[in-house]
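Below is one structure; the comments refer to it alone.
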Amino acid sequence: MGWVERAKQIRAAAFMTAQTATDEQALTMVSLYPEWTVGVDYGADGKPSIVSSEGILYRAQNPHTSVEGWEPKNTPALWAVINKTNEGTNSDPIPAVRGMEYVYGLYYKDPDDGLVYLCSREGAVDGDKVILQFVPHELVGQYFELV
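Residue numbering for the sequence shown follows this note's numbering, beginning at 217 and increasing consecutively.
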């Protein structure tokens, strides 16, 4: 086997392995993830579950076949944002995106108003997680408080 064929096999193995990565691992190898595309089966057995779209990584939440208009940013019920680059403190809030997994006790910056919000809810324990289809300013008093 020649080196070109071997390189192709290594590349294919890297792409397959990348699909099983944790969120933290995925963020260290962003270039291995395919761009979201129309007409692709996502999230089913053996199908891609992590994609890149507009520079953001997303993980499929439900198996589906992509169609025009169902881009990850438009379908938060199907995709969750992968973002672990911010500490989630008041001084380094996590950029909020519809459909992302929020963690109680962390701070988020709302993309619509640019303000910082604390994810909190009566009865929730810091560290608990919830996937929300809204950004913080839309859920003040329910899941967030303005800081």
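Beta carbons: idealized from backbone N, C-alpha and C, even for Gly.
Considering Cα atoms alone, identify which of the options is closest to residue i.
| i | options | result |
| --- | --- | --- |
| Q241 | P264, K300 and A223 | K300 |
| G259 | L243, A296 and M217 | A296 |
| E287 | S307, G315 and N306 | G315 |
| L294 | D342, G343 and I347 | I347 |
| P250 | G343, D257 and P264 | P264 |
| M245 | W252, G285 and A230 | A230 |
| H280 | G262, V256, E221 and I272 | V256 |
| S268 | A234, G339 and D261 | A234 |
| R337 | G343, Q349, A237 and F360 | F360 |
For the beta strand (DSSP E) containing residue i, name the first residue and the last one.
| i | result |
| --- | --- |
| E221 | Counting along the chain, E221 falls outside any beta strand (DSSP E), though it belongs to the alpha helix (DSSP H) covering W219 to A234. |
| V346 | K345 to I347 |
| S268 | I266 to S269 |
| A340 | Run containing A340: none; DSSP gives neither H nor E here. |
| V319 | E317 to V319 |
| E361 | F360 to L362 |
| K325 | Y323 to K325 |
| L273 | I272 to A276 |
Counting along the chain, where does the alpha helix (DSSP H) carrying residue i start and finish?
| i | result |
| --- | --- |
| A200 | The requested residue 200 is not part of the displayed model; the chain covers only 217 to 363. |
| E240 | D239 to A242 |
If residue i sits next to residue j, beta carbons under 8 Å apart, how far is it from one beta carbon to the other, in whole angstroms?
| i | j | result |
| --- | --- | --- |
| V254 | S282 | 5 Å |
| L334 | V363 | 5 Å |
| E270 | K289 | 7 Å |
| L243 | I310 | At roughly 13 Å, the Cβ-Cβ gap does not stay under 8 Å, so L243 and I310 are not in contact. |
| N306 | V341 | Contact flag wrong, Cβ pair sits at about 19 Å. |
| P292 | Q349 | 5 Å |
- Task: Check whether the stretch 263-276 touches the stretch 301-309, taking contact to mean three or more Cβ pairs, one atom from each stretch, closer than 8 Å.
- Result: no
- Task: Count the CB pairs spanning the stretch 326-338 and the stretch 347-354 that are closer than 8 Å, and state whether there are at least three.
- Result: yes
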